[in-house]
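Just so it is clear: in the sequence shown, position 113 is 148 by this note's numbering, and no numbers are missing. As structure tokens, the structure follows; a few thoughts come after it.
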Amino acid sequence: MDTAQAIARRGGITFLAATVTLVVSSVAWPAVLVLGEDVTSAGDAAVVLFWGGVALLVLGRVLGRVHRRPTPGRRLTVGLLVVGAGAATAFSWAFDSGSTSVVDPSSAGGCRVVVQEQSFLMGGSGAVFVLPAHGVVARRVSRYSTDDGYRPVEAGSSALTWTGERGHLEVLGSGADPVWPRNHEVDCPGS
Numbered sequence: 036m037d038t039a040q041a042i043a044r045r046g047g048i049t050f051l052a053a054t055v056t057l058v059v060s061s062v063a064w065p066a067v068l069v070l071g072e073d074v075t076s077a078g079d080a081a082v083v084l085f086w087g088g089v090a091l092l093v094l095g096r097v098l099g100r101v102h103r104r105p106t107p108g109r110r111l112t113v114g115l116l117v118v119g120a121g122a123a124t125a126f127s128w129a130f131d132s133g134s135t136s137v138v139d140p141s142s143a144g145g146c147r148v149v150v151q152e153q154s155f156l157m158g159g160s161g162a163v164f165v166l167p168a169h170g171v172v173a174r175r176v177s178r179y180s181t182d183d184g185y186r187p188v189e190a191g192s193s194a195l196t197w198t199g200e201r202g203h204l205e206v207l208g209s210g211a212d213p214v215w216p217r218n219h220e221v222d223c224p225g226s
């Protein structure tokens, strides 16, 4: 096997394995990555990793055309990894799509609140995350449900107040679309 082909194949397998690991870990430990005002969810990262892995495997296959064929066992393993990573990516992306907002204001110490909202048919939900000052990984601290697929934070129907490093987020519903529960307490890590 040629060195470039081996690197492409191993890189592709690594990307696909990272996709599965990312999706599984995001289900077990819900969090989002925040860089400035940009929020990236596990679903977004999984799509990038999956297609990067597939591209590397295709590159390895193209480079391997001039060399010997892979064994049936190796072909089956890579095929199962592609299918598994693809299914995990589709699952994560489907359930992760929605809107994500960094809620203003931040605390005096720089702690921020991030809200991720989804809607499906006639229901909606939101997850409240806390991002420590100078951090990039926000951890989930609370959840809420809405009626009629309403996304209250995206619609500007919320209020965040801080007392030191302890925040209170009130997610308001519209007159026709209530939110359960409305009140969410946020404690900044390390405070």
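Beta carbons are placed, not taken as given, at the ideal position from N, Cα and C, and that holds for glycine. From a predicted model like this one, the values you see are computed outputs, not experimental measurements.
Q | D222 in three-state terms, based on DSSP | A | DSSP places D222 in strand when its eight states are reduced to three.
Q. Of all the options V172, S61 and D212, which has the alpha carbon lying nearest to the alpha carbon of Y179?
A. Residue nearest to Y179 within the set V172, S61 and D212 is D212 (criterion: CA-CA distance).
Q.
Closer than 8 Å is the cut-off here; do at least three beta carbon pairs connect the segment 82-96 with the segment 165-172?
A. The segment 82-96 vs the segment 165-172: no contact.
(Q) What does the alpha-carbon distance come out to for the pair R147 and L116? (A) Distance between the alpha carbons of R147 and L116: 37 Å.
Q. Contact check, S154 vs H219 under 8 Å by CB: the rounded distance?
A. About 19 Å separates the beta carbons of S154 and H219, which is beyond the 8 Å limit, so they are not a contact pair.
Q. Quick one: is V206 buried, meaning 16 or more other Cβ sit within 10 Å of its Cβ, or exposed?
A. Counting of Cβ neighbours within 10 angstroms places V206 among the buried residues, the total reaching 16 or more.
**Q.** Element boundaries [beta strand (DSSP E), containing R178]
**A.** Its beta strand (DSSP E) spans residues V172 to D182.
Q.
Pull the bridge partners of F155 from the DSSP assignment, please.
A. BP columns for F155 point to G158.
Q | Distance between A190 and A122 (C-alpha atoms, nearest Å) | A | In this structure, the straight-line span from the alpha carbon of A122 to that of A190 is close to 32 Å.
Q: Return the CA-CA distance between P227 and V221, expressed in angstroms with no decimal places.
A: The question about residue 227 has no answer here: the residues shown for the chain are numbered 36 through 226.
Q. Closest to G47 by CA distance: which of D73, V59 and F85 is it?
A. Nearest in C-alpha terms to G47, of all of D73, V59 and F85, is F85.
**Q.** Close-in-space but distant-in-sequence residues of the same chain around G161 (CB under 6 Å, 5 per side omitted)
**A.** Here the set comprises V150, E152 and Y179.
Q: Could you round the C-beta distance between Q40 and L98 to whole angstroms and report it? I think they count as a contact, below 8 Å.
A: Right, their Cβ atoms sit about 4 Å apart.
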